[in-house]
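Using the numbering used here, the first residue of the sequence shown is number 89, and each one after it goes up by one.
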Amino acid sequence: MQIWVDADSVPLIAKDLIIKTAERTKTMAIFVANQPIKLRKSPLLVMTVVPSGFDKADDYIVEQIQVGDLAITSDIPLANDILDKGGMVLTTRGVVYDKNNIKQKLNMRDFMDTMRGTGVLELQEMSGQKPYGDRDKKAFADGLNRLVR
89 MQIWVDADSV PLIAKDLIIK TAERTKTMAI FVANQPIKLR KSPLLVMTVV
139 PSGFDKADDY IVEQIQVGDL AITSDIPLAN DILDKGGMVL TTRGVVYDKN
189 NIKQKLNMRD FMDTMRGTGV LELQEMSGQK PYGDRDKKAF ADGLNRLVR
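The structure is reproduced here in structure tokens:
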């Protein structure tokens, strides 16, 4: 197993948990982003910088991921593609995406995009992402420990 991290938007707390888990379990963690992210020197930690552009990091992860690998992402279309290739997906808030829940998430995402695009939802009606808190950190750490052994 390798851990693939959609690193453009991973919270610092989650990044630290991924690094600790990778080193504790001797599992390779590959961070993929459009710009370098500072990682400590370790043969288990790799920073892969992809060209700037829409979905370049996502495309790279999908090309590289293998059956049984774990991806850390909150990107629902990326999660769907990873699941199609036999990978596992965990969000930084500790949610495990699988074949049983990803289609519902995709449908809701598409519905909300349609609502925003048609102007049915005004900007003030859309709730942004809540701050990353202790509950999220614990759920993510628990999920990571359950999936990476």
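Don't be surprised by glycine CBs; every beta carbon is placed ideally from N, CA and C.
Just the Cα atoms here: how many angstroms apart are residue i and residue j?
i: Q192; j: I170; result: 16 angstroms
i: Y148; j: D222; result: 31 angstroms
i: N189; j: A167; result: 11 angstroms
i: V177; j: K218; result: 21 angstroms
i: V103; j: K187; result: As written in the sequence, residue 103 is Lys, which differs from the Val given in the question. Distance between the alpha carbons of K103 and K187: 26 angstroms.
i: A229; j: M116; result: 17 angstroms
i: E111; j: G231; result: 16 angstroms
i: Y220; j: S162; result: 13 angstroms
i: R234; j: K129; result: 25 angstroms
i: M89; j: L158; result: 7 angstroms
i: E151; j: P99; result: 24 angstroms
i: A227; j: T179; result: 10 angstroms
i: D172; j: T109; result: 25 angstroms
Quick check on DSSP: helix, strand or coil for residue i?
i: V177; result: strand
i: T115; result: coil
i: T109; result: helix
i: V98; result: coil
i: L171; result: helix
i: V150; result: helix
i: I125; result: coil
i: L158; result: strand
i: L132; result: coil
Assuming residue i and residue j make a contact with CB atoms under 8 angstroms, what is their CB distance in whole Å?
i: V236; j: T113; result: 5 angstroms
i: I160; j: I106; result: 6 angstroms
i: V155; j: G174; result: 3 angstroms
i: I125; j: K225; result: Rounded, the Cβ-Cβ distance is 19 angstroms, inconsistent with contact.
Tell me which same chain residues have a C-beta within less than 8 angstroms of the C-beta of residue i, skipping the five on either side of it?
i: N122; result: D96, V137, V138, P139, S140, G141, K144 and A145
i: I164; result: Y185, I190, K193, L194 and R197
Skipping 5 residues on each side, what residues in its chain have a beta carbon closer than 7 angstroms to that of residue i?
i: V120; result: W92, V93, D94, A95, T136, V138, A145, Y148 and I149
Go through its chain and collect everything with a Cβ distance to residue i's Cβ below 6 angstroms, but skip five positions before and after it.
i: V134; result: I118
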